[in-house]
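Enquirer: Oh and the sequence shown: position 3 is 14 in the numbering used here, straight run, nothing missing.
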Amino acid sequence: MHALNTTMDSIIRTLERLSPLTPEQEESLRALQPFLCEVKIKKGGHLHRPGDIPATVAHVEKGIFGHMITDTSGNERILRFYQEGSFIEDCTAFNAQQPIEYAIQALEPCTVSYFRLMEVAHLYTAHPGFEKLGRLMMEGASSENEKHLTMLMRYNAEERYCHLLKDSPELAQRVSVTHLAQYLGINRVTLSKLRRRLVERVVL
Numbered sequence: 012m013h014a015l016n017t018t019m020d021s022i023i024r025t026l027e028r029l030s031p032l033t034p035e036q037e038e039s040l041r042a043l044q045p046f047l048c049e050v051k052i053k054k055g056g057h058l059h060r061p062g063d064i065p066a067t068v069a070h071v072e073k074g075i076f077g078h079m080i081t082d083t084s085g086n087e088r089i090l091r092f093y094q095e096g097s098f099i100e101d102c103t104a105f106n107a108q109q110p111i112e113y114a115i116q117a118l119e120p121c122t123v124s125y126f127r128l129m130e131v132a133h134l135y136t137a138h139p140g141f142e143k144l145g146r147l148m149m150e151g152a153s154s155e156n157e158k159h160l161t162m163l164m165r166y167n168a169e170e171r172y173c174h175l176l177k178d179s180p181e182l183a184q185r186v187s188v189t190h191l192a193q194y195l196g197i198n199r200v201t202l203s204k205l206r207r208r209l210v211e212r213v214v215l
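1. Determine whether the beta carbon atoms of A192 and R185 lie at a separation below 7 Å.
2. Smallest Cα separation from P65: which of T83, H190, I111?
3. Classify Q184 as helix, strand or coil using the three-state DSSP reduction.
4. Compute the Euclidean distance between the alpha carbons of G85 and P45, then round it to the nearest angstrom.
5. Which whole-angstrom value describes the C-beta separation of S21 and E72, a residue pair presumed to lie in contact below a C-beta threshold of 8 Å?
6. Output the distance between the C-alpha atoms of Y125 and E211, rounded to the nearest integer angstrom.
7. Assuming contact is defined by CB atoms lying nearer than 7 Å, are R165 and L195 in contact in what I supplied?
8. What residue range is occupied by the uninterrupted beta strand (DSSP E) comprising R171?
9. Name the two residues that bound the continuous alpha helix (DSSP H) containing S39.
10. Where G96 and H70 are concerned, what is the direct C-alpha to C-alpha distance, given to the nearest angstrom?
11. Are H57 and Q109 close, meaning C-beta to C-beta below 7 Å?
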């Protein structure tokens, strides 16, 4: 029970970064604690696979996930990363009962807590203010996707990598070269050469 209390505190801290909770909202959220579940996923395992209809809103407690798609040529791409303190949800697919075409894969050993979306829906009914939080979560995901697309369209390979180092330096340490290359939209070999070249510049 203590572990779940700590997990709920973590969820509330993440929500508070989106928008301050009223005491009533926090009380209602804590009332859902009996429905809060936790799961550990091994590196390479999946939270969601293509064909699933996501029915949960998950909170990353530990680890990194990649939002992965396969393009028409069969190449895997990563649209975004989910680190500790991130929510993973797809209410649009759930509401439409539409199977997804992407995967959410653990890039290192991960722990996530989650509620089923049917349970979260009760919060929206009891407290309309929670709809704002849901909207902010969706807007945040949309903003991340837009930033990634802009990076791919505006910057060359070196600029993309330098942008990543500036914006999320920890990713370069925690994520494999293969997954970084899939996110940056460049060849793995090209990225390896680029990293060596940047290191040489620093040394010189």
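C-beta atoms are modelled at their ideal positions from N, C-alpha and C, and glycine is treated no differently.
Expert: Looking at the atomic coordinates:
1. Looking up residue 192 in the sequence shown gives position 181. Looking up residue 185 in the sequence shown gives position 174. No, the pair does not count as a contact, with Cβ atoms beyond the cut-off.
2. The residue labelled residue 65 in the question sits at position 54 within the sequence shown. Checking every option, the nearest Cα to that of P65 belongs to I111.
3. Along the sequence shown, read from residue 1 onward, the residue named residue 184 stands at position 173. Q184 sits in a helix when the DSSP states are folded into three classes.
4. Mapped onto the sequence shown, residue 85 falls at position 74. Mapped onto the sequence shown, residue 45 falls at position 34. The alpha-carbon separation between G85 and P45 amounts to approximately 42 Å.
5. Translated into positions along the sequence shown, residue 21 becomes position 10. Translated into positions along the sequence shown, residue 72 becomes position 61. About 6 Å separates the two Cβ atoms, so the contact holds.
6. Within the sequence shown, the letter at position 114 stands for residue 125. Within the sequence shown, the letter at position 200 stands for residue 211. Each residue's alpha carbon lies about 44 Å from the other.
7. Residue mapping note: residue 165 aligns to position 154 of the sequence shown, counting from 1. Residue mapping note: residue 195 aligns to position 184 of the sequence shown, counting from 1. The Cβ atoms of R165 and L195 lie no closer than 7 Å to each other.
8. For the purposes of this step, residue 171 is taken as the residue at position 160 of the sequence shown. Element bounds for R171: not the beta strand (DSSP E) but the alpha helix (DSSP H), 168-178.
9. In the sequence shown, counting from the first residue as 1, residue 39 sits at position 28. Unbroken alpha helix (DSSP H) run through S39: 34-41.
10. Position 85 of the sequence shown, counted from the first residue, corresponds to residue 96. Position 59 of the sequence shown, counted from the first residue, corresponds to residue 70. For G96 and H70, the gap between their C-alpha atoms comes out near 7 Å.
11. Here the question's residue 57 lines up with position 46 in the sequence shown. Here the question's residue 109 lines up with position 98 in the sequence shown. The answer is no: Cβ separation not under 7 Å.
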